[in-house]
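Q: Questions regarding the structure given below will be posed in turn.
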Amino acid sequence: MLSKRIIPCLDIKDGRTVKGVNFVGLRDAGDPVDLAEIYSKEGADELVFLDITATHEKRKTLLDLVKRVAERINIPFTVGGGISEIKDAYALLKAGTDKISVNSAAVKNPQLINELHNNFGAQFVVVAIDAKYTDEGWKVHLRGGRDRTEIDLFDWAREVEQRGAGEILFTSMDHDGTKAGFANKELAHLSDSLSIPIIASGGAGNMEHFKDVFTDGKADAALAASIFHFKEIPIPELKAYLKGNNIPVRY
Amino acid sequence: MNIALIDYGAGNVQSVKYALNRLGYEPILTKNHDEICSADKVIFPGVGSAKAAMEQLQQSGLDKLIPTLKQPVLGICVGMQLMCKYSHEGDVKCLGIIDTEVKRFEVDLKIPHMGWNTVSNFNSVLFNNIELQEQVYFVHSYYVPLNENTVAVTQYGIEFSAAVQKDNFYAVQFHTEKSGEVGSQILKQFLEL
Chain L
575 MLSKRIIPCL
585 DIKDGRTVKG
595 VNFVGLRDAG
605 DPVDLAEIYS
615 KEGADELVFL
625 DITATHEKRK
635 TLLDLVKRVA
645 ERINIPFTVG
655 GGISEIKDAY
665 ALLKAGTDKI
675 SVNSAAVKNP
685 QLINELHNNF
695 GAQFVVVAID
705 AKYTDEGWKV
715 HLRGGRDRTE
725 IDLFDWAREV
735 EQRGAGEILF
745 TSMDHDGTKA
755 GFANKELAHL
765 SDSLSIPIIA
775 SGGAGNMEHF
785 KDVFTDGKAD
795 AALAASIFHF
805 KEIPIPELKA
815 YLKGNNIPVR
825 Y
Chain B
62 MNIALIDYGA
72 GNVQSVKYAL
82 NRLGYEPILT
92 KNHDEICSAD
102 KVIFPGVGSA
112 KAAMEQLQQS
122 GLDKLIPTLK
132 QPVLGICVGM
142 QLMCKYSHEG
152 DVKCLGIIDT
162 EVKRFEVDLK
172 IPHMGWNTVS
182 NFNSVLFNNI
192 ELQEQVYFVH
202 SYYVPLNENT
212 VAVTQYGIEF
222 SAAVQKDNFY
232 AVQFHTEKSG
242 EVGSQILKQF
252 LEL
């Protein structure tokens, strides 16, 4: 049976791991390569690296980091942040990344998704969507939640699937950093209306939240950062808990 | 040992190279026919669409060379699918080593089949010392149906070939290079054949 995936996310700035609360107030949480190896050994199913300042900094630092991670760890990993052209994605592929994640660049230029799909295949293309509930419904937000668009979350999710994304990484800005649980209702709606896997992000605070996101939220994978980085929830314990609750996991 | 890692523009060669490095081997990344023929082991990776990958193989004449190889060859993911006679992904004729057609999943489940899944019904030295129900990492939308060369089975709505073997040709649908310790073990067993 296909397992539900647990994915630690490492937000990268200046080659270090950081995680902000609601994307503001960054706090150092260690060396990315060391963390990647620890997570891999602890049983993480995949890793995501989001270079949150990639658009402002030189790409070379990130490529070096990606290469070091690829050399050392033997589970799949995704790299996101600042990818707006095919050549960015190609450089990351060459450095050893398994998937790339695009967010704002895909909203500004949706054709990018088709191009990535055609050049590298669906399995390489994750589209990250940040959304927030407004009085007009769930709206896609850009730049780490700072800029609101008029694009409806569910319309955009359908469009990215049609354009050839292999997975969607959905972050609820309303849940991110709250540790009060994932946006299960919206996640279930996404899962029911799409045929590609959905990665849930934003809101993990305890082990029960993971159980809920895989049952009520119908997510295929769940991503979290600080609760793993600060060892609030050890991955082996989380896997044992999920298994005990009849959720298929790699254990 | 001389390991040729076929680098034809449709593979995640870097990931496979690093996996081999972790096992203490240094492969040659190549599409040169002589280098491939003289290697002790050949690894044939692949990601992306079967059609694009076949076109890349044809451009370098590898479509003719690979079926004639005599040393152990390991196909990975799309590499395995290309060893079959035909792929419905882009409706393309493939290498014809394994006498079956690659089909798209028609199941009421998420596509691609992406993530860790169990492998069972082993019937190959590749899986020596691997425990039944161990999990490995898959990413694919097309699959190789069960056939006379199937040597491992995975279930995703239907049962399909997780691995095939025919003469000196071995192939796995999952990514050995990304399947943690189990994947490393399978890769190691291929290299020690």
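Here the protein sequences come in this chain order: L and B.
For the first sequence, this note's numbering assigns the number 575 to the initial residue and increments by one for each residue that follows.
For the second sequence, this note's numbering assigns the number 62 to the initial residue and increments by one for each residue that follows.
Note that beta-carbon positions come from the ideal geometry of N, C-alpha and C, so glycine has one too.
None of these values were measured; they are calculated from a predicted model.
Closest to residue 236 (chain B) by C-alpha separation, out of B:228, B:159 and B:247, would be which residue?
A: Per the Cα distances, B:247.
Q: Roughly how many whole angstroms lie between the Cα atoms of residue 120 (chain B) and residue 69 (chain B)?
A: Taking the straight line from one Cα to the other gives about 9 Å.
Q: Using CA atoms only, rank isn't needed, just tell me which of B:166, B:75 and B:105 is closest to residue 123 (chain B).
A: The candidate whose alpha carbon is nearest that of residue 123 (chain B) is B:105.
Q: Can you round the beta-carbon distance between residue 678 (chain L) and residue 732 (chain L) to whole angstroms, since I take them to be within the 8 Å contact cut?
A: Contact flag wrong, Cβ pair sits at about 19 Å.
Q: Leaving aside the five residues before and after residue 151 (chain B) along the sequence, list all residues of the same chain whose C-beta is less than 7 Å from its C-beta, in chain order.
A: Contacts found: 110, 111 and 112.
Q: Using a cut-off of 8 Å between C-beta atoms, extract the partners of residue 648 (chain L) located in chain B.
A: Per Cβ cutoff of 8 Å: 80, 83, 238, 239, 240, 241, 242, 244 and 245.
Q: Alpha helix (DSSP H) containing residue 98 (chain B): first to last residue?
A: From DSSP, the alpha helix (DSSP H) with residue 98 (chain B) extends over 94-99.
Q: Indicate whether residue 175 (chain B) and residue 159 (chain B) have their beta-carbon atoms separated by less than 8 Å.
A: No, Cβ-Cβ distance for residue 175 (chain B) and residue 159 (chain B) is not below 8 Å.
Q: Compare the C-beta of residue 741 (chain L) against all C-beta atoms of chain B and say whether one is closer than 8 Å.
A: By this cut-off, residue 741 (chain L) is an interface position.
Q: Identify each residue in the stretch 114-131 of chain B for which the Cβ-Cβ distance to at least one residue of chain L is less than 7 Å, and report them in chain order.
A: Correct list: empty, as no residue qualifies.
Q: Taking the C-alpha atoms as reference points, what is the distance between residue 211 (chain B) and residue 806 (chain L)?
A: Looking at the two C-alpha atoms, the distance is approximately 44 Å.
Q: Assuming residue 92 (chain B) and residue 127 (chain B) form a contact by the criterion Cβ under 8 Å, report the distance between their Cβ atoms to the nearest whole angstrom.
A: Contact flag wrong, Cβ pair sits at about 11 Å.
Q: Within the same chain, show all residues whose beta-carbon is closer than 8 Å to that of residue 639 (chain L), passing over the 5 residues directly before and after it, in chain order.
A: Hits under 8 Å: 586, 589, 606, 607 and 623.
Q: When Cβ atoms are compared, which residues of the stretch 90-108 of chain B fall closer than 8 Å to chain L?
A: Per Cβ criterion, the list reads 108.
Q: What residues from chain L crowd round residue 172 (chain B), counting only those whose CB sits closer than 8 Å?
A: Result: 769 and 770.
Q: Where does residue 596 (chain L) fall in DSSP's three states?
A: With a pLDDT of 38 at residue 596 (chain L), under the threshold of 50, the modelled position of this residue cannot be trusted; read the value that follows with caution. Three-state result, residue 596 (chain L): coil.
Q: Closer than 8 Å, Cβ to Cβ, to anything on chain L: give me those residues from the stretch 175-194 of chain B, in chain order.
A: Those residues of the stretch 175-194 of chain B that come within reach of chain L (Cβ to Cβ, closer than 8 Å) are 175, 176, 177, 178 and 179.
Q: Which ranges would you report for the alpha helix (DSSP H) in the stretch 705-767 of chain L if only whole runs of at least 4 residues count?
A: DSSP runs (the alpha helix (DSSP H)) wholly in the stretch 705-767 of chain L: 727-737 and 758-767.
Q: In angstroms with no decimal places, state the Cα-to-Cα distance between residue 242 (chain B) and residue 817 (chain L).
A: Between residue 242 (chain B) and residue 817 (chain L), the C-alpha separation is close to 20 Å.
Q: Check residue 82 (chain B) in the structure and name its three-state DSSP category.
A: Looking at residue 82 (chain B) - three-state DSSP - the assignment turns out to be helix.
Q: Taking the straight line between their C-alpha atoms, what separation do you get for residue 115 (chain B) and residue 194 (chain B)?
A: Near 33 Å, if we compare the C-alpha coordinates of residue 194 (chain B) and residue 115 (chain B).
Q: Can you name the residues of chain B whose CB is closer than 9 Å to the CB of residue 685 (chain L)?
A: Chain B residues near residue 685 (chain L): none, gap ~18 Å exceeds 9 Å.
Q: Under 7 Å between beta-carbons, which chain L residues line up against residue 69 (chain B)? List them in chain order, please.
A: None at all; the shortest Cβ gap to chain L is about 15 Å.
Q: Between the stretch 784-818 of chain L and chain B, which residues of the former have a C-beta closer than 8 Å to a C-beta of the latter?
A: Result list: 794 and 795.
Q: Measuring CA to CA, which of B:232, B:191, B:173 and B:192 is closest to residue 218 (chain B)?
A: Comparing Cα-Cα distances from residue 218 (chain B) to each of B:232, B:191, B:173 and B:192, the minimum goes to B:173.
Q: Leaving aside the five residues before and after residue 704 (chain L) along the sequence, list all residues of the same chain whose C-beta is less than 6 Å from its C-beta, in chain order.
A: Hits under 6 Å: 715, 719, 745 and 747.
Q: Express the C-alpha separation of residue 647 (chain L) and residue 697 (chain L) in angstroms, rounding to a whole number.
A: Those two C-alpha atoms are separated by around 19 Å.
Q: Output the boundary residues of the alpha helix (DSSP H) element that contains residue 193 (chain B).
A: Residue 193 (chain B) -> no alpha helix (DSSP H), and no H or E assigned at all.
Q: Between residue 623 (chain L) and chain B, is any beta-carbon pair separated by less than 8 Å?
A: No - not a single Cβ of chain B is within 8 Å of the one on residue 623 (chain L).
Q: Going by CA-CA distance only, name the one from L:729, L:713 and L:728 that's closest to residue 722 (chain L).
A: The option with the nearest alpha carbon to residue 722 (chain L) is L:713.
Q: If we cut at 8 Å on Cβ distances, does residue 234 (chain B) have a partner in chain L?
A: Residue 234 (chain B) does not count as touching chain L.
Q: Strictly below 8 Å CB to CB, what residues from chain B border residue 738 (chain L)?
A: None at all; the shortest Cβ gap to chain B is about 11 Å.
Q: If you compare alpha carbons, which of L:592, L:671 and L:579 is closest to residue 751 (chain L)?
A: The residue with the shortest Cα to Cα distance from residue 751 (chain L) is L:592.
Q: With a cut-off of 8 Å on the beta carbons, I'd call residue 749 (chain L) and residue 777 (chain L) a contact; round off their distance for me.
A: Yes, residue 749 (chain L) and residue 777 (chain L) are in contact; Cβ-Cβ is about 3 Å, under 8 Å.
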